[in-house]
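Once you know that position 135 of the sequence shown is 124 in this note's numbering, the rest is easy, because the numbers rise by one and skip nothing. Built from N, CA and C at the ideal position, the CB exists for glycine as well. All values reported here derive from a predicted model rather than from experimental measurement.
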Amino acid sequence: MPGWGRMWSAIRIAAGAVLGVIGAPIVAVSVVVAAFVYLPLPAALPPPNVTPASQVSTVYDAAGNEIGEFRPVGQNIPVRISDIPTVLKQAVVSSEDRNFYHEGGVSFGGTLRAAWADVTNGKTVQGGSTITQQYVKNAYTNGRRTLTRKLREAVLATQLSRSASKDQVMYDYLSTVYFGEGAYGAGAAAEEYFRIPVSQLDASQAALLVGLIPAPSDYDPLVSLAQGEQRRELVLGEMLAQHYLDQGQYQVAMAEAVTLPEGVKKGLPQTVVYPPQQQAPKYPYFFDYVRRYLLTKLGPDQLYKGGLRIQTTLDPALQADAQGRITSELAGTSPPLDMTLVSVEPATGYVKSLIGGRNFAASQVNIALGGCPQDLSSDPAAEVEVKATCWNGQTVAGGGGGLQAGSAFKPFTLAAALSEGILPSRVYSAPNVFQVPGCTGSKCTIHNAEGGGQGPVNVATATWLSINTVYAQIIRDAGVAKVAEMAKKLGITSAWYSPKYQGLTYTLGVVGVSPLDMASAYSTFANHGLRIGPSPIVRVVGPSGKAIIDNTHPHGTQVISKAIADNVTDILTGVIQHGTGYPNAVLKGRPAAGKTGTTEGFHDAWFVGYTPSLSTAVQMGFSDFEFKHALTGIKGVGQVFGGTIPAQVWHDYMSQALQGVPVTAFDQPPPLSVPPDVLALQQRHGINPGDQLMPAPTGSGGPYIYGPSAPNAPTPPAAATPGPVPASPAPSSTATTASTMPGSRAGTTTTTSLSPVFGH
-10 MPGWGRMWSA IRIAAGAVLG VIGAPIVAVS VVVAAFVYLP LPAALPPPNV TPASQVSTVY
50 DAAGNEIGEF RPVGQNIPVR ISDIPTVLKQ AVVSSEDRNF YHEGGVSFGG TLRAAWADVT
110 NGKTVQGGST ITQQYVKNAY TNGRRTLTRK LREAVLATQL SRSASKDQVM YDYLSTVYFG
170 EGAYGAGAAA EEYFRIPVSQ LDASQAALLV GLIPAPSDYD PLVSLAQGEQ RRELVLGEML
230 AQHYLDQGQY QVAMAEAVTL PEGVKKGLPQ TVVYPPQQQA PKYPYFFDYV RRYLLTKLGP
290 DQLYKGGLRI QTTLDPALQA DAQGRITSEL AGTSPPLDMT LVSVEPATGY VKSLIGGRNF
350 AASQVNIALG GCPQDLSSDP AAEVEVKATC WNGQTVAGGG GGLQAGSAFK PFTLAAALSE
410 GILPSRVYSA PNVFQVPGCT GSKCTIHNAE GGGQGPVNVA TATWLSINTV YAQIIRDAGV
470 AKVAEMAKKL GITSAWYSPK YQGLTYTLGV VGVSPLDMAS AYSTFANHGL RIGPSPIVRV
530 VGPSGKAIID NTHPHGTQVI SKAIADNVTD ILTGVIQHGT GYPNAVLKGR PAAGKTGTTE
590 GFHDAWFVGY TPSLSTAVQM GFSDFEFKHA LTGIKGVGQV FGGTIPAQVW HDYMSQALQG
650 VPVTAFDQPP PLSVPPDVLA LQQRHGINPG DQLMPAPTGS GGPYIYGPSA PNAPTPPAAA
710 TPGPVPASPA PSSTATTAST MPGSRAGTTT TTSLSPVFGH
């Protein structure tokens, strides 16, 4: 406001000029007096700068049911002037400004004493503020305490006392003053400390709150009950001295012991102080995912203070069923044994359910998102440190947090191999032990874990039986870097490759992955190579009703050709029909594709599978991420492979989730042929099936997977040799929009039914 700007300039110039010439402390004090005597006051105050009332962001599931809220830590709960109890106003006056109702808005004596003390000491050492001045400080002059600011406070307080009633000033003060624990204003403080409306405060509670005002962190009863109680007694003593309490009322209030909830004693007068309350969301793991996702998209201020309405992709029925099955499966066991389940809708990328462990409240770790608490800091060094914790102690820039996937990683090798011209019918030898070329030592042999030694087998059969030694040869021929690139394209965000750390064992799932990424990557196969990244959000709407995020029509990118994706799916159906997923993962009367995974030493076991309409990852392992545990003797299962407990949980969950969803067949894949350039290269070098197509990357050592051999699975029927056809088209990167309508794409049925929570 122009009038105020000219006034502050005049004060600063006068103070600076006089002090510069004379340099005497008394001159500074004279400037204070001059500000009141000679400077005219503008007609109106500038707008106050106060902490706004918190605008809670509300979260809904896909059907429109409220499932949680995001609240700011520092909150201001608005109250009416009539809600402020007399006893609270009396406590404030007794402690902070006993002349509040009898004098103006400025204590001239106190201000002059404070100014004198400040200038003689060369720094701010004394307050000397009335309630009106304190409010002005909070509302108008926040910042560094300087002599100029004291002058501004005094002038503004004088104007405020002329234009507002005492009750209005008291109300404004009690609506903005900070009480600690993130509570601005008496309304928030009463709720935060006592869980009651401000209108219900008694003398003891009011005195305790007022005692916090000079130094909330120093007198916080949650930090020190003794300090809080001592401050309360001082305020009660002032109230008695100022005749706001009689002797009987004073004794009743003093008799109340300040205590925490766990220290409550029945039958005794007490003032109970509650610790900060956090409203537990209905679905904590999914809610944590939403929080992380939106923090990266919107930032903390908009999320916690923006008054948003957030419609998520969560299907409450699927989430409840998933939680029930995980809880049931873990019943009778103890941490760190844990289990996760994530479901993604292929045609939209919508995350329909997400369970990241047995108890989020106890661990605060969401294994479904990668295993470690995620640091949202933009500091690259901090990010590497977080990843190092997730990556078994290795500090690997660009490395990923999460869990080893074992053979559940093989479909990414399969997709890369098919893209490089390695046909499903190509035959490899299948020894029980494979020596890594160019490597010597005990860690240079790869053993079969889920599939035993076989004679010559083709790529499809090796996938069904999960034969490690064959897949070591496949990745050798396709190229480790190509497999890493394929995994990244399909949705494994943590996928990375370095010859220093990875060799042929890359195909055995040594890179840390998250269950969310696994469910999402497999959904790309189900969606014919069209990649739609996972999201927990349908729509985010601001207070004005305008959409801030609109994901009602998700967009995708064709990362691999439909022919490659459908051939991967065709091979993975064999895993369930007559491979390592049989019989536990068989969905009665419904086509499904999937892959088992078991890591070295039985630390983790996986089953990841999908139908045209739903992709689900189930993982069982240990939440401390140490390799000293083994999945043995769990629920009567001697050794937990991916085809045992995880496959059974996947089957039970998917059977329930797909009830009422029409059965849809996968698209019949076209036969593949070797691309002409690859075929020419093979012919030029005289390469036969099973020979390597390029020099084998040796790396500089493991970790290599060696596990016990499982009993041989029944020998499946030989795969038919496809006839020669033109090469499949190269993968494209065109953005498309995935429809959410059932039957919109051959071989695809979506299950999402969105409630119009915020309109259209």
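Can you look up residue i in the DSSP assignment and give me helix, strand or coil?
i, result
"V714", "Confidence is the limiting factor: at V714 the pLDDT is only 27, short of 50, which leaves the residue's position unreliable and the question unanswerable from this model."
"F89", "coil"
"F596", "strand"
"E318", "helix"
"N556", "helix"
"Y173", "strand"
"Q393", "strand"
"D310", "helix"
"K255", "coil"
"R141", "helix"
"E181", "helix"
"N348", "coil"
"E55", "strand"
"M(-4)", "Annotation note: pLDDT 49 at M(-4) (below 50); position unreliable, coordinate value reported separately. In the structure shown, M(-4) sits in a helix (DSSP, three-state: H, G or I)."
"A246", "strand"
"H618", "coil"
Counting along the chain, where does the beta strand (DSSP E) carrying residue i start and finish?
i, result
"R221", "No beta strand (DSSP E) contains R221, which is instead part of the alpha helix (DSSP H) from 214 to 230."
"F611", "604 to 611"
"Y417", "416 to 419"
"I435", "434 to 436"
When the Cα atoms are used, what is the spatial distance from residue i to residue j?
i, j, result
"H232", "M243", "16 Å"
"G522", "S550", "17 Å"
"D86", "G171", "24 Å"
"K406", "P580", "Position check: residue 406 holds Ala in this sequence, whereas Lys was assumed. The straight-line gap from Cα to Cα measures roughly 24 Å."
"D161", "L77", "14 Å"
"T248", "N348", "29 Å"
"I299", "I526", "7 Å"
"A80", "Q148", "25 Å"
"P651", "S602", "10 Å"
"D575", "H640", "Note that residue 575 corresponds to Val in the displayed sequence, not to Asp. Distance between the alpha carbons of V575 and H640 is about 7 Å."
"T75", "L234", "12 Å"
"E318", "T585", "18 Å"
"S150", "S83", "19 Å"
"L661", "D559", "12 Å"
"D209", "I66", "20 Å"
"A215", "E227", "19 Å"
Inspect the beta-carbon positions of residue i and residue j and report whether they are closer than 9 Å.
i, j, result
"T569", "A582", "no"
"G518", "A473", "no"
"P400", "S418", "no"
"T285", "Y49", "no"
"N421", "N447", "no"
"I356", "D310", "no"
"G296", "Q44", "yes"
Figure out for me which residue from the options has the closest Cα to the Cα of residue i.
i, options, result
"L412", "E222, A619, A196, V557", "V557"
"S193", "I315, Q238, P325, A153", "Q238"
"A146", "G93, F398, A175, D235", "G93"
"G217", "R415, Q645, A177, A195", "A195"
"A351", "G176, P273, D72, P67", "P273"
"A467", "I456, T496, N447, P445", "T496"
"R60", "P74, P250, D290", "D290"
"K489", "V469, L505, A215, E251", "V469"
"P203", "A438, Q157, M507, Q123", "Q123"
"G610", "L561, T322, G57", "T322"
"V241", "K471, V95, G534, L229", "L229"
"I634", "V224, L330, A143, D156", "L330"
"E781", "K155, F168, V95, D656", "Since the displayed the chain opens at -10 and closes at 749, residue 781 lies outside it and no answer follows."
"V607", "A619, V333, W485", "V333"
"S408", "L287, K478, Q189, G345", "K478"
"A461", "V499, D539, T121", "V499"
"S271", "S206, I344, V262, T260", "The question names Ser, but residue 271 is Lys in the sequence shown. Nearest option by C-alpha distance: I344."
With residue i as the anchor, note down where its alpha helix (DSSP H) starts and where it stops.
i, result
"R465", "457 to 467"
"R579", "That residue, R579, is in no alpha helix (DSSP H); it is neither H nor E in DSSP."
"S206", "Element bounds for S206: n/a, residue is neither H nor E."
"S509", "504 to 515"
"G405", "Here residue 405 turns out to be Ala, not Gly, going by the sequence shown. That run of the alpha helix (DSSP H) goes 399 to 408."
Beta carbon of residue i: closer than 8 Å to some heavy atom of the ligand NAD?
i, result
"V247", "Although the ligand NAD was asked about, the structure shown includes no ligands whatsoever."
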